[in-house]
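For the sequence shown, the residue numbers in full-length UniProt numbering are 1 to 212. We put the beta carbon where it would ideally sit given N, CA and C, even for glycine. Below is one structure; the comments refer to it alone.
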Amino acid sequence: MRTIELTKRQEQILEIVKENGPITGEQIADQLNLTRATLRPDLAILTMAGYLDARPRVGYFYTGKSGTQLLTENLQKIYVKDYQSIPVVVNENVSVYDAICTMFLEDVGTLFVVDQNSLLVGVLSRKDLLRASIGKQELTTIPVHIIMTRMPNITMCERDDLLIEIAKKLIEKQIDALPVVRKSEKGYEVIGRVTKTNITKAFVALGEEGLK
Numbered sequence: 001m002r003t004i005e006l007t008k009r010q011e012q013i014l015e016i017v018k019e020n021g022p023i024t025g026e027q028i029a030d031q032l033n034l035t036r037a038t039l040r041p042d043l044a045i046l047t048m049a050g051y052l053d054a055r056p057r058v059g060y061f062y063t064g065k066s067g068t069q070l071l072t073e074n075l076q077k078i079y080v081k082d083y084q085s086i087p088v089v090v091n092e093n094v095s096v097y098d099a100i101c102t103m104f105l106e107d108v109g110t111l112f113v114v115d116q117n118s119l120l121v122g123v124l125s126r127k128d129l130l131r132a133s134i135g136k137q138e139l140t141t142i143p144v145h146i147i148m149t150r151m152p153n154i155t156m157c158e159r160d161d162l163l164i165e166i167a168k169k170l171i172e173k174q175i176d177a178l179p180v181v182r183k184s185e186k187g188y189e190v191i192g193r194v195t196k197t198n199i200t201k202a203f204v205a206l207g208e209e210g211l212k
């Protein structure tokens, strides 16, 4: 959940719980001269945002955590498998022309190249294909394995990796996407992809959850 801007009443509730917790909703309402029903939405927001903890028949506790701490904790709970998307793969022997067509039709910025055993052997970016297109080469005769980034120079990730760590890799490597792989005895099978768009969707969902 993201750091949310608290209302004056929500700040008052936090102060009351800090000083008197555990404290029931009815007791908080009495101190503010409000009905329990009026207070319920504020308590729900503060609890879901992580500022307060609620225990049945006991009351509300102040967690003692700042908005930054809460955000950090929640980022540590989001994994690649929660937001990965379907990979777009091509065989290592397809032509650069066909790869360009695939990238255009699938509306992606990165293609993952596999061998005859469907194992990852390379990655193709827009820059790779653009570079190959400059000049007078016949693109239908150039196989993508000539221009792709090869193993072991491919940055990869797995389903159980933290999404925040993958975001750092995308920034560090200045790339748009990573293949999600499953390791086998023979190599790496591509089972998904993580892109900057996936990362953005995760952070937007995180923020929207904090506003519920």
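Would you kindly report the start and end of the unbroken beta strand (DSSP E) that includes residue i?
{"i": "N91", "result": "V89 to N91"}
{"i": "D176", "result": "First-last for D176: undefined, no H or E at that position."}
{"i": "V108", "result": "Element bounds for V108: n/a, residue is neither H nor E."}
Based on the DSSP output, what are the partners of residue i in its beta bridges?
{"i": "D53", "result": "F61"}
{"i": "L124", "result": "L111"}
{"i": "Y188", "result": "K183"}
{"i": "Y83", "result": "DSSP output for Y83 lists no bridge partner at all."}
{"i": "L46", "result": "The partner list for L46 (beta bridge, DSSP) is empty, contrary to what the question assumes."}
{"i": "R193", "result": "S85 and P179"}
{"i": "L119", "result": "E189"}
Output the boundary residues of the alpha helix (DSSP H) element that contains residue i.
{"i": "G25", "result": "G25 to L32"}
{"i": "E11", "result": "K8 to N20"}
Near residue i, which residues of its chain fall below 7 Å by C-beta distance, leaving aside the five closest residues on each side in sequence?
{"i": "D42", "result": "R9, Q10 and I13"}
{"i": "N20", "result": "none"}
{"i": "K201", "result": "Y83"}
Which whole-angstrom value describes the C-beta separation of residue i and residue j, a residue pair presumed to lie in contact below a C-beta threshold of 8 Å?
{"i": "M103", "j": "L129", "result": "7 Å"}
{"i": "V114", "j": "V180", "result": "Not really, about 14 Å apart at Cβ, beyond 8 Å."}
{"i": "A37", "j": "T47", "result": "Actually they do not touch by this definition, with Cβ atoms about 16 Å apart."}
Which residues in the same chain have their Cβ closer than 8 Å to the Cβ of residue i, if we skip the five residues on either side of it in sequence?
{"i": "S95", "result": "L139, T140, T141, I142, P143 and V144"}
{"i": "I164", "result": "L75, Q76 and I78"}
{"i": "I166", "result": "V80, C157, L178, V194 and I199"}
{"i": "T7", "result": "D42"}
Residues in its own chain within less than 6 Å of residue i by CB, not counting five upstream and five downstream?
{"i": "V88", "result": "E106, V108 and L111"}
{"i": "N93", "result": "P143"}
{"i": "I191", "result": "V180 and R182"}
### Task
Identify every run of the beta strand (DSSP E) within the region 129 to 167, keeping only runs that are complete inside it and at least 3 residues long; order them along the chain.
Qualifying beta strand (DSSP E) stretches: none in this window.
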